[in-house]
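There are 2 protein chains.
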Amino acid sequence: MSQQIRTVAVIGCGVIGMSWACLFLAKGLKVIITDPVEGAEDRFRRYLDEAWPSIQLQLGSLQQEPAKNYEFVADIVPRLIEVDFIQENGPERVEFKQELFKTLDQHARPGVVIASSSSGLPSSAFIGQCEHEPGRILIGHPFNPPHLIPLVEVVPHAGTTPAIITTAMAFYRALGKRPVLIRKEVPGFVANRLQAAINAEAYSLISRGVISAEDLDTAVTSGPGLRWGVTGPIVTNALGGGGGADGFNTRLERLGPAIRGWEKDMLEHRFDWSEERLSLLKAEVGNYLTAVNWSELTRQRDSVLLQLLKSKPNL
Amino acid sequence: MSQQIRTVAVIGCGVIGMSWACLFLAKGLKVIITDPVEGAEDRFRRYLDEAWPSIQLQLGSLQQEPAKNYEFVADIVPRLIEVDFIQENGPERVEFKQELFKTLDQHARPGVVIASSSSGLPSSAFIGQCEHEPGRILIGHPFNPPHLIPLVEVVPHAGTTPAIITTAMAFYRALGKRPVLIRKEVPGFVANRLQAAINAEAYSLISRGVISAEDLDTAVTSGPGLRWGVTGPIVTNALGGGGGADGFNTRLERLGPAIRGWEKDMLEHRFDWSEERLSLLKAEVGNYLTAVNWSELTRQRDSVLLQLLKSKPNL
Ligand SMILES: NC(=O)c1ccc[n+]([C@@H]2O[C@H](COP(=O)([O-])OP(=O)(O)OC[C@H]3O[C@@H](n4cnc5c(N)ncnc54)[C@H](O)[C@@H]3O)[C@@H](O)[C@H]2O)c1
Ligand SMILES: NC(=O)c1ccc[n+]([C@@H]2O[C@H](COP(=O)([O-])OP(=O)(O)OC[C@H]3O[C@@H](n4cnc5c(N)ncnc54)[C@H](O)[C@@H]3O)[C@@H](O)[C@H]2O)c1
Numbered sequence: 448m449s450q451q452i453r454t455v456a457v458i459g460c461g462v463i464g465m466s467w468a469c470l471f472l473a474k475g476l477k478v479i480i481t482d483p484v485e486g487a488e489d490r491f492r493r494y495l496d497e498a499w500p501s502i503q504l505q506l507g508s509l510q511q512e513p514a515k516n517y518e519f520v521a522d523i524v525p526r527l528i529e530v531d532f533i534q535e536n537g538p539e540r541v542e543f544k545q546e547l548f549k550t551l552d553q554h555a556r557p558g559v560v561i562a563s564s565s566s567g568l569p570s571s572a573f574i575g576q577c578e579h580e581p582g583r584i585l586i587g588h589p590f591n592p593p594h595l596i597p598l599v600e601v602v603p604h605a606g607t608t609p610a611i612i613t614t615a616m617a618f619y620r621a622l623g624k625r626p627v628l629i630r631k632e633v634p635g636f637v638a639n640r641l642q643a644a645i646n647a648e649a650y651s652l653i654s655r656g657v658i659s660a661e662d663l664d665t666a667v668t669s670g671p672g673l674r675w676g677v678t679g680p681i682v683t684n685a686l687g688g689g690g691g692a693d694g695f696n697t698r699l700e701r702l703g704p705a706i707r708g709w710e711k712d713m714l715e716h717r718f719d720w721s722e723e724r725l726s727l728l729k730a731e732v733g734n735y736l737t738a739v740n741w742s743e744l745t746r747q748r749d750s751v752l753l754q755l756l757k758s759k760p761n762l
Numbered sequence: 448m449s450q451q452i453r454t455v456a457v458i459g460c461g462v463i464g465m466s467w468a469c470l471f472l473a474k475g476l477k478v479i480i481t482d483p484v485e486g487a488e489d490r491f492r493r494y495l496d497e498a499w500p501s502i503q504l505q506l507g508s509l510q511q512e513p514a515k516n517y518e519f520v521a522d523i524v525p526r527l528i529e530v531d532f533i534q535e536n537g538p539e540r541v542e543f544k545q546e547l548f549k550t551l552d553q554h555a556r557p558g559v560v561i562a563s564s565s566s567g568l569p570s571s572a573f574i575g576q577c578e579h580e581p582g583r584i585l586i587g588h589p590f591n592p593p594h595l596i597p598l599v600e601v602v603p604h605a606g607t608t609p610a611i612i613t614t615a616m617a618f619y620r621a622l623g624k625r626p627v628l629i630r631k632e633v634p635g636f637v638a639n640r641l642q643a644a645i646n647a648e649a650y651s652l653i654s655r656g657v658i659s660a661e662d663l664d665t666a667v668t669s670g671p672g673l674r675w676g677v678t679g680p681i682v683t684n685a686l687g688g689g690g691g692a693d694g695f696n697t698r699l700e701r702l703g704p705a706i707r708g709w710e711k712d713m714l715e716h717r718f719d720w721s722e723e724r725l726s727l728l729k730a731e732v733g734n735y736l737t738a739v740n741w742s743e744l745t746r747q748r749d750s751v752l753l754q755l756l757k758s759k760p761n762l
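First to last, the sequence lines map onto chains A and B. Each number in my numbering corresponds to the 1-based position in the first sequence with 447 added. Each number in my numbering corresponds to the 1-based position in the second sequence with 447 added.
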């Protein structure tokens, strides 16, 4: 664990905040939590009890009892003096975050990172009223649930200082996460855009009647999806070109012309969100999803996920 | 195994043909192989020896010695009388396949499926000279290597008969494959288009300087890629919307407007294959790939792949 960071504030303890808090606790940090919703503390205790075993499994640790080193407070402001890192997970509304970040920036100790889990708003959209040290604000966008999925997208705004970026990356890394640096604010950051790209083509093919929704999923889970947990698009391309540093260029040269032909057709027929195509899509998807065994599927997904995470500690 | 199919012809025994032949043998079929290249038979024997253990591992079977029930022949024509299914894996050139399919169609027994592994050419492009029974020709497009990756895209042309489609799907399924039916010939079929979609956005983001090539791969392998071996795009969307048959629509309603914003930006900045962006892309990718430990990576990929395949026999 990063030496200086011992106490973390979790602001907003819903779906994402609860999961972050579990991870911080499992890593031996003290966690101060605030969330105005009624029953927030009870809800968190139940979540922690449920999540604890899989966190321990992933960490290869054997701590039977969930850590208790957390505290719910009604007002975080007077406690910010103790806090070494802030992870914000409140509602995704710009006015809300503007107001909140103004307050946090006003009261956090100098040099303390204030990271927002925001999946949509870049931090430049809500730092306008921060008068003290806006350079310590950035996005630390996790993937749900952050206590299991390693990816964190670190997205600085134009004025975030290099030292703060370094501190945030090192902190997430020390938690066992895999932070990636998004060098420019773009809508959707990176992982959500990559997902959007595959989704858009999936919606297009299904609504064109090229393939059923079920077969579309199979085409991923029994094909390229089997590898994307280990080799990303770039390395996968390079291996397709024979591997090695030249493999990527070899593949581009060999397949480039064909790929450009596919792209042309994809663009021409791209999913346009028209009522007509939406209703074709929803009808096909509806047929498929009524037949899915959800509990079996999520059980299998979680077990494969844990296996994958254990099998590639250093990837 | 499908009751009627006992003997398979493998036409062309390169990268893809060798792998198909191994699988057919492991499933107890007799295989008649033809490939004019010098040393084809030796090359195949070495491939079979190497591939056999992982096939057995995947099948949960314990057959120590590779099957010997195959035969290389210089001319397949006189042997087609014995053959119950043809898998073609020759070079990806339209004139070549036109000529070859004319001959195969002329001599194969009536009702015998002639499947081409072609990854690019739809069969309508090369059946023009088939005068006997063009309705038994279709694409059976595997993913490399077919002896391990379950996906087979079955792509009929407009005149392929329903009975032939059914026979081909049943045959691949009996081999333990996961065939999906592509209902209309589109360039790139389905899985390659989905890969092209994610690749295009990856190339765009890297060449725009939004993220490094290495972090791009991490954004997949530590994020959404961890799930795509179990849940495809549609089910993943539905789970993101709370699961169940309504989850998909819920997610579309909740995130649709944001996604359309990302798509707009993606389209505006899409990778255009210009010299400028290509060279930015290649420079970034080059930096990354020189540092990759390829043997460690492929070892890890193969072991994860086998684990995944064993962990989801019925998905
Ligand atoms: N759900 C996801 O999959 C996901 C993934 C990555 C990032 N995010 C981001 O994380 C953030 C939280 O999303 P979520 O899904 O956990 O939402 P959520 O609605 O589950 O949780 C938000 C919590 O904030 C609390 N809150 C409201 N006002 C507050 C205040 N003044 N101070 C402190 N807490 C307050 C709410 O009571 C609620 O418990 C959002 O910015 C979202 O974009 C969500
Ligand atoms: N390589 C892949 O990843 C991949 C994946 C899916 C499908 N495919 C498709 O599979 C087919 C074969 O591709 P490959 O990668 O195995 O190519 P390859 O070059 O490795 O193999 C082609 C083989 O065909 C042989 N051949 C040439 N003339 C022949 C003839 N008259 N009769 C029989 N064999 C002949 C060649 O000697 C060679 O061994 C192509 O249609 C390709 O699109 C390839």
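Where a beta carbon is used, it is the ideal one built from N, C-alpha and C, also for glycine.
For chain B, the residues of the region 736-750 of chain A that bring a beta carbon within less than 8 angstroms of one of its beta carbons are L736, T737, V739, W741, L744, T745, Q747, R748, S750, in chain order. Checking the 7 angstroms criterion, the Cβ of A/P538 is within range of a heavy atom belonging to ligand 1.
Ligand 1 never approaches B/A666 closely enough for any of its heavy atoms to be under 7 angstroms from the residue's Cβ.
The criterion of a C-beta distance shorter than 8 angstroms is satisfied by A/G464 and A/N536. Between the C-alpha atoms of B/V541 and A/F636 there is a straight-line separation of about 42 angstroms. With a threshold of 7 angstroms, the Cβ atom of B/N591 counts as near ligand 2, since some heavy atom of the ligand is closer than that. Per DSSP, B/G708 is one residue of the alpha helix (DSSP H) stretching across 691-715.
DSSP places B/H554 in the helix class (H, G or I) of the three-state scheme. DSSP, reduced to helix, strand and coil, places A/F532 within a strand of the structure shown.
Judged by DSSP in its simplified three-state form, B/K631 adopts coil rather than helix or strand.
Around the beta-carbon of B/H588, 16 or more other beta-carbon atoms lie within 10 Å, marking it buried. Apart from the 5 residues on each side of it in sequence, A/F718 sits with its Cβ closer than 7 angstroms to the Cβ of A647, Y650, S651, S654, R724 in its chain, given in chain order.
The C-beta separation of B/V751 from A/V457 comes to about 33 angstroms, leaving the pair out of contact by the 8 angstroms criterion. Chain-ordered, the chain A residues with CB closer than 7 angstroms to the CB of B/F695 read V732, L736. Remark: the shortest separation between the CB of B/D482 and any heavy atom of ligand 2 falls under 7 angstroms. A705, I706, R707, G708, W709, E710, D712, M713: these are the residues of the region 704-719 of chain B whose beta carbon lies less than 7 angstroms from some beta carbon of chain A, given in chain order.
Taking the Cβ of A/H588 as the reference point, at least one heavy atom of ligand 1 falls within a distance shorter than 7 angstroms.
In the structure shown, A/S563 adopts extended strand secondary structure according to DSSP, grouped into three states. The straight-line gap separating the alpha-carbon atoms of B/Y619 and B/L628 is approximately 12 angstroms. Scanning the region 644-669 of chain A for uninterrupted alpha helix (DSSP H) segments of 4 residues or longer gives 660-668, listed from N- to C-terminal end. With fewer than 16 other Cβ atoms inside 10 Å of its own Cβ, A/E722 counts as exposed. At least one CB of chain A lies nearer than 8 angstroms to the CB of B/W675. A/A605 sits in coil when the DSSP states are folded into three classes, being neither helix nor strand.
Ranked by Cα distance from B/P680, the options A/A514, A/E661, A/Y494, A/S566 are led by A/E661. According to DSSP, A/V478 shares a beta bridge with A/V455, A/Y517. By the rule that beta-carbons nearer than 8 angstroms mark a contact, B/V633 touches chain A. Put simply, of B/K474, B/A473, B/F491, B/I452 the residue whose alpha carbon is nearest the alpha carbon of B/G459 is B/F491.
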